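> Read in our numbering, the sequence shown has 249 at position 249, and its numbers run on one by one without any break.
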Amino acid sequence: MKLWSWEVDKNIERFTVGEDYLLDRKLVKYDCQASIAHVKMLEKIGILRKEEAEKLIEALEEIMELDRKGKFIIKREEEDCHTAIENYLVKKLGEVGKKVHTARSRNDQILAALRLYYKEEISSILKLIDGLTECLSSLMKKYGSVKIPGYTHTRKAMPSSIAIWAKSFIESMEDNKKLLKSVAHIIDQSPLGSGAGYGLPIKVDRKFVAKLLGFRRVQSNPLYVQNSRGKFESSILHVLGQIMLDLNRMASDIILFSSSEFGYFELPKEVCTGSSIMPHKKNPDALELIRAKYHQILSFEFEVKSISGNLISGYHRDLQLTKEPMIRGFDITKSCLKIMGLILDKLRVNTENCEKAMTRELYSVEKVYQLVEKGKPFRDAYTDVASFLSGISK
Numbered sequence: 001m002k003l004w005s006w007e008v009d010k011n012i013e014r015f016t017v018g019e020d021y022l023l024d025r026k027l028v029k030y031d032c033q034a035s036i037a038h039v040k041m042l043e044k045i046g047i048l049r050k051e052e053a054e055k056l057i058e059a060l061e062e063i064m065e066l067d068r069k070g071k072f073i074i075k076r077e078e079e080d081c082h083t084a085i086e087n088y089l090v091k092k093l094g095e096v097g098k099k100v101h102t103a104r105s106r107n108d109q110i111l112a113a114l115r116l117y118y119k120e121e122i123s124s125i126l127k128l129i130d131g132l133t134e135c136l137s138s139l140m141k142k143y144g145s146v147k148i149p150g151y152t153h154t155r156k157a158m159p160s161s162i163a164i165w166a167k168s169f170i171e172s173m174e175d176n177k178k179l180l181k182s183v184a185h186i187i188d189q190s191p192l193g194s195g196a197g198y199g200l201p202i203k204v205d206r207k208f209v210a211k212l213l214g215f216r217r218v219q220s221n222p223l224y225v226q227n228s229r230g231k232f233e234s235s236i237l238h239v240l241g242q243i244m245l246d247l248n249r250m251a252s253d254i255i256l257f258s259s260s261e262f263g264y265f266e267l268p269k270e271v272c273t274g275s276s277i278m279p280h281k282k283n284p285d286a287l288e289l290i291r292a293k294y295h296q297i298l299s300f301e302f303e304v305k306s307i308s309g310n311l312i313s314g315y316h317r318d319l320q321l322t323k324e325p326m327i328r329g330f331d332i333t334k335s336c337l338k339i340m341g342l343i344l345d346k347l348r349v350n351t352e353n354c355e356k357a358m359t360r361e362l363y364s365v366e367k368v369y370q371l372v373e374k375g376k377p378f379r380d381a382y383t384d385v386a387s388f389l390s391g392i393s394k
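As structure tokens, then:
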């Protein structure tokens, strides 16, 4: 059932709803949580009687349980989870169900559910980053002292080690956590009570609702609540892109270093795929997909920024299209962190191949500074070592 009083042409309905009713399956829990807090606030300010609030809360908890079991269905004609939830309440509770949307717009309702979802997803990603750094630490403890060539311009440069390689990603992931926590702090603002973007004609207790839902503060300006949609989302996707950039580089390194031409790393068969025609092949498909998915996250950030641009202040239906890249962005980042952790747990280092790769030219800088310590000017020492190495190569 529509929340307004007329029927929409079916072609218009299909076009405007798109896949939103399917995407909203992820948001049912969060919309119910926000609605429960809203109901408690309505009781507090005298809009709802105690018994009405209790009935609504019980029904909302029932919806969450149905959703947990995969039994709460959102129909296309309902457009989204918010309408589906209200329809359920009205069908179950009659006139009491019709009161749930008092002092609330669909606009602040959607944002409340989304922000609760974002907060939980960010928390999950922080835990996955911790898991990944533990895998890197384990690799470092096992193989940290093993020397490998360090590269610049994809050419051998100076001595490195497994410890240096692994620690570089640990430090980078720590920075990513700081970025995530920073963006989490920015979005941790309750939009409820802002209405459609211009406040409400009745006095509501926004701080009460914010506290119930665990938000740090109220997003005070009602118009900024709407204008921040797209801005907050692109900020999150930017940080997810930073995480994926590190996973992209890590995947690229492992792919190269596990190739037969290098052989520093060994990937067991269980993390590889085979070939339909070449029996000898052991392909790093999972790593290649991680490498590619970084670019997907970049495209999501650009997509959200593009959709959010050229809009006057206030809500626009354009912003519905920011939901899918957000959901996909979180899902992709989480899956890549999990898979990379699994691969690192099974990764082996071929110490013999690493030792063979540590050729003489890698120590050229060390030789230069040995001469410098004996009093020779740096540039002369550099020239002497370069001439010596050139003579050997001939």
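Backbone N, C-alpha and C define an ideal beta-carbon position, used for all residues, glycine too.
Here the structure is a predicted model, which is why all the values come from computation and not from measurement.
#1: Would you tell me roughly how many angstroms separate the C-alpha atoms of TRP4 and ASP130, rounded to the nearest one?
#2: Using the Cβ count rule (16 or more neighbours within 10 Å means buried), how would you classify ALA292?
#3: Look at the alpha carbon of VAL372 and the alpha carbon of HIS153, and state the distance between them as a whole number of angstroms.
#4: Measuring only the C-alpha atoms, how far is LEU223 from VAL349?
#5: CB-CB under 7 angstroms to ILE304, same chain, minus the five flanking residues each way: which ones, in chain order?
#6: Report yes or no: do the segment 271-286 and the segment 374-385 share at least 3 C-beta pairs separated by less than 8 angstroms?
#7: Have a look at the DSSP bridge pairing and note the partners of ASN353.
#8: Given this structure, state the Cα-to-Cα distance separating ARG106 from LYS55, to the nearest angstrom.
#9: Candidates ILE73, LYS181 and LEU116: which alpha carbon is nearest ASP31's?
#10: Name the DSSP bridge partner or partners of MET158?
#11: Whose C-beta lies closer than 7 angstroms to the C-beta of VAL146 among residues of the same chain, with five residues either side of it excluded?
#12: Mind checking ARG398: buried by the 16 CB within 10 Å criterion, or exposed?
#13: Return helix, strand or coil for TRP4, following the three-state DSSP convention.
#14: Do GLY193 and ASP205 have their beta-carbon atoms positioned less than 9 angstroms apart in this structure?
#15: Per the DSSP calculation, LEU266 is bridged to which residue(s)?
#16: Who are the near neighbours of PHE215 in its chain, counting only those whose CB is closer than 7 angstroms to its CB and skipping five residues on each side?
#17: Can LYS40 and ALA59 be called in contact, C-beta distance under 9 angstroms?
#18: Assuming contact is defined by CB atoms lying nearer than 9 angstroms, are ILE148 and MET278 in contact in what I supplied?
#19: In angstroms with no decimal places, state the Cα-to-Cα distance between GLY329 and LYS26.
#20: One question on the structure: do LEU126 and LEU180 come within less than 9 angstroms of each other, judged by their Cβ atoms?
#21: Which residue comes first and which comes last in the alpha helix (DSSP H) that contains ILE36?
#22: Identify every run of the alpha helix (DSSP H) within the segment 190-246, keeping only runs that are complete inside it and at least 4 residues long; order them along the chain.
#23: Answer yes or no: do VAL183 and VAL100 have a C-beta to C-beta separation smaller than 9 angstroms?
#24: Tell me which same chain residues have a C-beta within less than 7 angstroms of the C-beta of LEU256, skipping the five on either side of it?
#25: Please work out which residues of its chain come closer than 6 angstroms, Cβ to Cβ, to SER35, disregarding the five sequence neighbours upstream and downstream, and give them in chain order.
#26: Looking at ILE57 and VAL28, is the spacing between their C-beta atoms short of 9 angstroms?
#27: Between LYS178 and the rest of its own chain, which residues show a CB-CB distance below 7 angstroms, the 5 nearest in sequence each way excluded?
Quick look at the numbers:
#1: Residue confidence is low: TRP4 scores 49 on pLDDT, short of 50, so the model does not pin down where it sits. Its coordinate-derived value is still stated next. One alpha carbon belongs to TRP4, the other to ASP130, and they sit about 47 angstroms apart.
#2: Residue environment analysis places ALA292 among the exposed positions, since fewer than 16 neighbouring C-beta atoms fall within 10 angstroms of its C-beta.
#3: When rounded, the separation of the alpha-carbon atoms in VAL372 and HIS153 is 26 angstroms.
#4: Across the structure, LEU223 and VAL349 are spaced so that their CA atoms are roughly 56 angstroms apart.
#5: Residue identity differs from the one stated: residue 304 is Val in this sequence, not Ile. Excluding residues up to 5 positions away in sequence, GLY230, GLU233, SER234, LEU237, THR322 and PRO325 lie with their Cβ nearer than 7 angstroms to the Cβ of VAL304 in the same chain.
#6: No: fewer than three Cβ pairs fall under 8 angstroms.
#7: The secondary-structure analysis by DSSP pairs ASN353 with nothing; it has no beta-bridge partner.
#8: Cα to Cα, the separation comes out at about 22 angstroms.
#9: Nearest in C-alpha terms to ASP31, of all of ILE73, LYS181 and LEU116, is LEU116.
#10: Answer is GLY150, bridged to MET158.
#11: Within the same chain, VAL146 has close Cβ partners SER161, ILE162, VAL349, THR351 and CYS354.
#12: Shown here, the chain extends from 1 to 394; a query on residue 398 therefore has no answer.
#13: At TRP4, the pLDDT of 49 sits below 50, so the modelled position is not reliable; the number obtained from the coordinates is stated separately. TRP4: coil per DSSP, three-state reduction.
#14: For ASP205 and GLY193, yes; Cβs fall inside 9 angstroms.
#15: One detail in the question is off: residue 266 reads as Glu in this sequence, not Leu. Residue pairing by DSSP puts GLU266 in a beta bridge opposite ARG348.
#16: If we look at PHE215 and ignore the five residues flanking it on each side, its Cβ neighbours are ASP188, GLN189 and SER190.
#17: No Cβ-Cβ contact shorter than 9 angstroms links LYS40 with ALA59.
#18: Result no, Cβ atoms of ILE148 and MET278 do not sit closer than 9 angstroms.
#19: Taking the straight line joining both Cα atoms gives about 13 angstroms.
#20: A distance below 9 angstroms separates the beta carbons of LEU126 and LEU180.
#21: For ILE36, the enclosing alpha helix (DSSP H) starts and ends at 28-44.
#22: If we require 4 residues or more, the alpha helix (DSSP H) runs fully inside the segment 190-246 come out as 206-213 and 222-227.
#23: It is not a contact, given that the beta carbons lie outside the stated cut-off.
#24: Hits under 7 angstroms: PHE262.
#25: Closer than 6 angstroms at Cβ, skipping near neighbours: LEU60.
#26: In this structure, the beta-carbon distance from VAL28 to ILE57 does not fall below 9 angstroms.
#27: Nothing listed; no residue qualifies.
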